[in-house]
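Residue numbers (our numbering), protein chains in the order written: chain A, 11 to 412; chain B, 11 to 412.
Positions of the beta carbon are idealized from the N, C-alpha and C atoms, including for glycine.
Owing to the predicted nature of the structure, the values given are computational and were not obtained by experimental measurement.
Below is one structure, written out as structure tokens, with a few remarks after it.
Rendered as structure tokens:
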């Protein structure tokens, strides 16, 4: 027999898809707890990027048992193109398909359409583009993005937005922002229709989105223009979302611009919802953003750098390809407790990298993720003990020493 | 104070570097136990190939904690060229350098010189060749190979041999075999000098070869010529080694030739020493060789196929790239207990492979190694219970069904 609660869409409106609790603040910095149906996420949190249903080079077992990631990212654009949402739906959604049972956040696909594809045709309705894989003509809109993300079944779904270039002028940014605002409304509306079970019958029967159990985050745009950021923030909050993201940063603008935008935007964001800075950044960026009130992050840096030999350490970055490490018996980061640093030497990892062994990328990516998640745990501890400013200052001094 | 036993080379001659015990036979097939200073190896055994100090795509942690490999292979040729024996010696030998603490067998470098390099100049003294990495002129001889392998510090060291092509004629094979026999004597002699502490002083002070604790295996050549195989066997046994290997098979000759050579050679090999078939082969090859009395194997197939999507299963081989697996929720091998088969579906692994995710290679290589090692454990069980012929017949029938 069908459970009355789960078959009645309207009741779900009363269910909270996520639970957010701020458990400590230190200046603008916050320590919080984000609970989804699948995991308890302590913030500030870094979410490893699992673009195509896999965190590049690092098996889920390590993410679960050692690195202890409670949430990872999935990219709607990539999964939409391959293996295709039809396949993922048939196989029971992204969690079942990939076997990752903790939380997932999916982006809307918008950012990748604007950064990875050519021949885009932008209209009020949505965006037509050609797949970067095979050139096939595709179309994404707020409604389609919501449907795809419902089928993927992540705990957190992102509104479909347009992301202008970092150096976009005021007029172009305003135009883009207004489109993003209209798309945000359409995203919200369609997300709610889906949550209310008003999906097209063809989709409904097979849905794996667990109606009512997904959260929807809105995205604040406005490039480097403070007034537009504020306007975007207000319009997004007016629509109302379960969480708020800052998009369109770290897209080519100066670091100082990013930090100032954060300073002007983050503290004004609702306190009763998580704040997510999309696609950012270096360890420094993370601490700067945390100090300005950001709770959630994702970025490809730890795994992308891992694949090219770039190592994040408590003494700054190092490149394992450097000849100086050829006979260096130290671990990547002597202060790191991860299984890579506990066992393998720089000399060995450099050798693997030089020899083209894929295990080099695997081990360095693993360490980098462990370093990022550990940094966020330490930041959290410092916030809760009201010593975040000192923690941040000492951390930045130390990585600058290198 | 130096221990009298370890400072006196002569005493070491009385110490057995390895211990070999046959604990069961079934026809020509044998179940044995090979004990080194680092691990207890139950045979028949498959040794994963760790060419450059890493088993491609599979972290040591999985090899230790799940796949349970007690011995892996290292390639002298590759390590000699990169990172170089000087570096490995400085860093304390191959075990310390790589952090692999169980047994290692190193080959002599001969086979790779003959298969990977151009511009070889073969002389009685040894072989001059150009590095496949940077074209640098290099030289290997029985003496140099023994010195390099002493510095690498593996538990089992291979004599330096010449490997003729699989289709070499009788005369060419005899000539090659005689060179191999003279090189075997020189290998033995120089190995013993090193073991007796008579190494050049420049090497001795830094040695990590743990004098007296390495075993030396001789190699039987002779291509597809039975009379020459027997002659090579007799000459090798006359010199006297801790174990005996069959080289020069699976180098392009017909399967039937290989099986017949094994049938004529393996059962005649000394019973009181392990028998090692070098560089072979498929699961079928392994069982055919076990049935003819072989104890040890190595081969790149499980990891090389893993990287190209080739999967070994109890129902035969499958290629994960095949479109038929796009929505297949079954594990790679429903009869396999490995962590990959317990968790991941064919559909997911195919997706990872198609999407170019390196984790595809990692997971399939892991499964393939688990499959190989498990096959050897099952063969051992069958031998000990005198049902090996039945086990082999049923296994071959089943993989043929596919």
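The alpha helix (DSSP H) enclosing residue i, as first and last residue numbers
{"i": "residue 262/A", "result": "Taken as a continuous stretch (DSSP letters only), residue 262/A belongs to no alpha helix (DSSP H), as it is neither H nor E."}
{"i": "residue 201/B", "result": "180-205"}
{"i": "residue 249/B", "result": "236-249"}
{"i": "residue 301/B", "result": "293-301"}
Whole-angstrom C-beta distance between residue j and residue i, which should lie under 8 Å
{"i": "residue 276/B", "j": "residue 303/B", "result": "4 Å"}
{"i": "residue 249/A", "j": "residue 194/A", "result": "5 Å"}
{"i": "residue 359/B", "j": "residue 373/B", "result": "6 Å"}
{"i": "residue 122/B", "j": "residue 171/B", "result": "With a Cβ gap of about 12 Å, residue 122/B and residue 171/B do not count as contacting."}
{"i": "residue 383/B", "j": "residue 79/B", "result": "6 Å"}
{"i": "residue 287/A", "j": "residue 328/A", "result": "With 8 Å as the limit, residue 287/A and residue 328/A do not qualify as a contact, their Cβ atoms being about 26 Å apart."}
{"i": "residue 36/A", "j": "residue 398/A", "result": "4 Å"}
{"i": "residue 375/A", "j": "residue 312/A", "result": "6 Å"}
{"i": "residue 136/A", "j": "residue 154/A", "result": "7 Å"}
{"i": "residue 309/A", "j": "residue 291/A", "result": "6 Å"}
{"i": "residue 150/A", "j": "residue 104/A", "result": "In fact, because the Cβ distance is near 17 Å, the residues do not count as touching under 8 Å."}
Candidates the options: closest to residue i by CA position
{"i": "residue 166/B", "options": "246/B, 34/B, 262/B and 225/B", "result": "225/B"}
{"i": "residue 174/B", "options": "233/B, 283/B and 134/B", "result": "233/B"}
{"i": "residue 253/A", "options": "260/A, 259/A, 243/A and 383/A", "result": "243/A"}
{"i": "residue 223/B", "options": "71/B, 46/B, 192/B and 261/B", "result": "46/B"}
{"i": "residue 40/A", "options": "110/A, 282/A and 139/A", "result": "282/A"}
{"i": "residue 251/B", "options": "265/B, 235/B, 279/B and 317/B", "result": "279/B"}
{"i": "residue 73/B", "options": "353/B, 56/B and 202/B", "result": "56/B"}
{"i": "residue 338/B", "options": "48/A, 42/A, 68/A and 98/A", "result": "98/A"}
{"i": "residue 336/B", "options": "96/A, 71/A, 323/A and 75/A", "result": "96/A"}
{"i": "residue 183/B", "options": "237/B, 153/B and 142/B", "result": "237/B"}
{"i": "residue 406/B", "options": "396/B, 30/B, 325/B and 345/B", "result": "325/B"}
{"i": "residue 295/B", "options": "68/B, 409/B and 202/B", "result": "409/B"}
{"i": "residue 82/A", "options": "109/A, 94/A and 90/A", "result": "109/A"}
{"i": "residue 352/A", "options": "364/B, 71/B and 381/B", "result": "71/B"}
{"i": "residue 113/B", "options": "60/B, 133/B and 69/B", "result": "60/B"}
{"i": "residue 188/A", "options": "246/A, 43/A and 84/A", "result": "246/A"}
{"i": "residue 51/A", "options": "68/A, 65/A, 28/A and 66/A", "result": "28/A"}
{"i": "residue 363/A", "options": "156/A, 158/A, 305/A and 333/A", "result": "333/A"}
{"i": "residue 494/A", "options": "34/A, 30/A and 26/A", "result": "Outside the shown range of chain A, which is 11 to 412, sits residue 494/A, and nothing can be said about it."}
{"i": "residue 235/A", "options": "204/A, 227/A and 272/A", "result": "272/A"}
{"i": "residue 160/B", "options": "403/B, 67/B, 203/B and 265/B", "result": "203/B"}
{"i": "residue 205/A", "options": "192/A, 156/A and 191/A", "result": "156/A"}
{"i": "residue 127/A", "options": "318/A, 134/A and 146/A", "result": "146/A"}
Partner residues on chain B for residue i, Cβ-Cβ distance less than 8 Å
{"i": "residue 57/A", "result": "The premise fails here: residue 57/A is roughly 18 Å from chain B at the closest Cβ pair, so nothing lies under 8 Å."}
{"i": "residue 368/A", "result": "66, 67, 368, 371 and 372"}
Interface residues of chain B facing residue i [CB-CB closer than 7 Å]
{"i": "residue 364/A", "result": "92"}
{"i": "residue 339/A", "result": "101"}
Partner residues on chain A for residue i, Cβ-Cβ distance less than 7 Å
{"i": "residue 354/B", "result": "109"}
Start-to-end residues for the beta strand (DSSP E) that takes in residue i
{"i": "residue 311/B", "result": "Where residue 311/B is concerned, there is no enclosing beta strand (DSSP E), although the alpha helix (DSSP H) it sits in stretches over 311-317."}
{"i": "residue 166/B", "result": "166-168"}
{"i": "residue 342/B", "result": "Per DSSP, residue 342/B belongs to no beta strand (DSSP E) and is neither H nor E."}
{"i": "residue 308/A", "result": "306-308"}
{"i": "residue 225/A", "result": "225-230"}
{"i": "residue 255/A", "result": "253-256"}
{"i": "residue 327/B", "result": "326-329"}
{"i": "residue 320/B", "result": "320-323"}
Within chain B, the residues that residue i reaches when beta carbons sit closer than 9 Å
{"i": "residue 142/A", "result": "Near residue 142/A there are no residues of chain B at all, since even the closest Cβ is about 12 Å away, more than 9 Å."}
{"i": "residue 377/A", "result": "Here the premise fails: no neighbours, minimum Cβ distance about 13 Å."}
Partners in chain A for residue i, counting only beta-carbon separations shorter than 9 Å
{"i": "residue 194/B", "result": "Under the 9 Å cutoff, chain A gives no residues; its nearest Cβ is about 30 Å from residue 194/B."}
{"i": "residue 63/B", "result": "358, 361, 362, 365 and 367"}
Within chain A, partners of residue i - CB distance below 8 Å
{"i": "residue 357/B", "result": "93, 97, 101 and 107"}
{"i": "residue 336/B", "result": "93 and 97"}
Cβ-heavy atom distance, residue i to the ligand GTP, below 7 Å
{"i": "residue 177/B", "result": "As for the ligand GTP, it is missing from this structure, which has no ligand bound."}
Cutoff 8 Å: residue i Cβ touching any chain C Cβ
{"i": "residue 297/A", "result": "Although the question refers to chain C, the structure presented lacks it and instead comprises the protein chains A and B."}
Original post:
Taking the runs of the alpha helix (DSSP H) that are 4 residues or longer, which of them lie wholly in the stretch 89-159 of chain B?
Top reply: 95-100, 103-108 and 120-126
**OP:** Report the residue ranges of all alpha helix (DSSP H) runs contained in full by the stretch 344-405 of chain A; include only those spanning at least 4 residues, in chain order.
**Re:** 349-353, 356-364 and 368-394
Original post:
Which runs of the beta strand (DSSP E), 3 residues or longer, sit entirely within the stretch 35-86 of chain A?
Top reply: 39-45, 50-53, 55-57 and 81-84
Subject >> Within the stretch 265-290 of chain B, ranges of the alpha helix (DSSP H) (whole runs, at least 4 residues) >> reply: 265-275
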